[in-house]
Amino acid sequence: MYFAALLARTEDGWEASDTELDDVETLSDLSDLAREAAAEAGAEDDTILVFIEQEDAWFGVVRIDGEEDPRIYVSDAAAAARSSYGEILLTDELLGKAPDGSDAGVIDELDALDLDGTEDGEDASDDDEDAGAEVVPPGPLGDSGVLADLGVAEKDLLTLDGSDALSEIADALGASEVLETVR
């Protein structure tokens with residue numbers, strides 16, 4: 020079961036609205052949706068937070084400040100990768116990939132070594148089903164400081180798990196009541 024909500028910071032405090040992600044396919048779509056909702060709330064130039072969670076599995080926070088690029092934090096990237104909504108957040112940039120899907124960084128020296136468990140001249144086994152699959156790291160991924168200036172320190176964000184994390188974040192923001200109205 021999924022939950023998604025938008026929190027927009029206005030002059031009068033936080034305003035929350037639940038949101039449907041059925042038509043959202045990319046991070047850009049999500050950003051546009053958030054900015055439209057913020058404009059309706061009169062907060063188009065203020066901070067917008069998008070909360071997404073899959074019950075007890077993972078949660079994600081997307082922060083949009085005005086026209087800046089979204090900042091993303093995902094509590095468990097591997098769990099999110101198995102979710103259609105999680106895939107929206109796991110952009111190539113967040114995963115350290117170039118837009119074409121190749122590794123963006125310099126090739127690690129260990130990657131250059133032939134350490135597939137075979138001796139010279141032996142063929143690698145084709146038994147491994149995941150050989151071509153994209154590997155997403157387990158655990159937190161993204162900008163753990165995404166909420167630091169709003170009262171949620173990096174270390175606190177990293178220790179939250181999927182069970183009640185969004186409520187704890189909203190409480191730290193002073194937005195728990197408005198979040199509960201859309202739950």
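Numbering (our numbering), first residue to last: 20 to 202.
Every residue, glycine too, gets a C-beta built ideally from N, C-alpha and C.
Only a predicted model underlies this, so the values are computations on that prediction, with no experimental measurement involved.
Opposite A24 in the DSSP bridges: which residues? BP columns for A24 point to D37 and F70.
Between the Cα of I67 and those of E59, R82, A76 and A58, spot the shortest distance and give me the residue it belongs to. Out of E59, R82, A76 and A58, the CA that lies nearest to the CA of I67 is found in R82.
Report buried or exposed for S182, applying the criterion of at least 16 other Cβ atoms within 10 angstroms of its Cβ. Counting of Cβ neighbours within 10 angstroms places S182 among the exposed residues, the total staying below 16.
Paired residues, beta bridge with D84 - DSSP: In the DSSP secondary-structure assignment, D84 is bridged to T66.
Using CA coordinates, which residue listed in T38, K116, V165 and F78 is at the minimum distance from A99? Ranking the options by Cα distance to A99, first place goes to F78.
Just to check my reading of the structure: G170 and L198 have Cβ atoms closer than 8 angstroms, yes? What is that Cβ distance to the nearest angstrom? About 14 angstroms separates the beta carbon of G170 from that of L198, a gap too long to meet the 8 angstroms contact definition.
Helix or strand or just coil, what does DSSP make of G193? For G193, the three-state secondary structure derived from DSSP is coil.
Between the CA atoms of D95 and G204 - distance to the nearest angstrom: The chain is shown from 20 up to 202; residue 204 falls before or after that span and cannot be answered.
Please specify which runs of the beta strand (DSSP E), each continuous and at least 3 residues long, are wholly inside the stretch 86–110, giving them in chain order. Fully enclosed beta strand (DSSP E) runs of 3 or longer: 90–93.
Which stretch, first to last residue, makes up the alpha helix (DSSP H) that contains T178? E173 to T178 is the span of the alpha helix (DSSP H), which, as asked, contains T178.
Apart from the five residues on each side of it in sequence, which residues of its chain come closer than 6 angstroms, Cβ to Cβ, to A27? Within the same chain, E34, A57, A60, A62 and I67 come within 6 angstroms of A27 by CB-CB distance, once the 5 residues on both sides are set aside.
Is it buried or exposed for V165, if we count other Cβ within 10 angstroms and need 16 for buried? Around the CB of V165, 16 or more other CB atoms lie within 10 Å, so the residue is classed as buried.
Just to confirm my understanding: we take A53, look at its own chain, exclude 5 residues before and 5 after, and list those with CB closer than 6 angstroms. What are they? Cβ neighbours of A53 beyond the five flanking positions: L25, I67, V69 and I83.
Could you have a look at L160 and say whether DSSP puts it in helix, strand or coil? Residue state, collapsed to three classes: strand.
Under the rule that 16 or more other beta-carbon atoms within 10 Å means buried, what is Y92, buried or exposed? Counting the other CB atoms within 10 Å of its CB gives Y92 a total of 16 or more, which places it among the buried residues.
Reference Y5; option with closest CA among R202, L49, P89 and D111: Examination of residue 5 is not possible in this model, given that the chain is present from 20 through 202 alone.
Determine the direct distance from the alpha carbon of D41 to that of F22, and round the result to whole angstroms. If I take the Cα positions, the gap works out to 12 angstroms.
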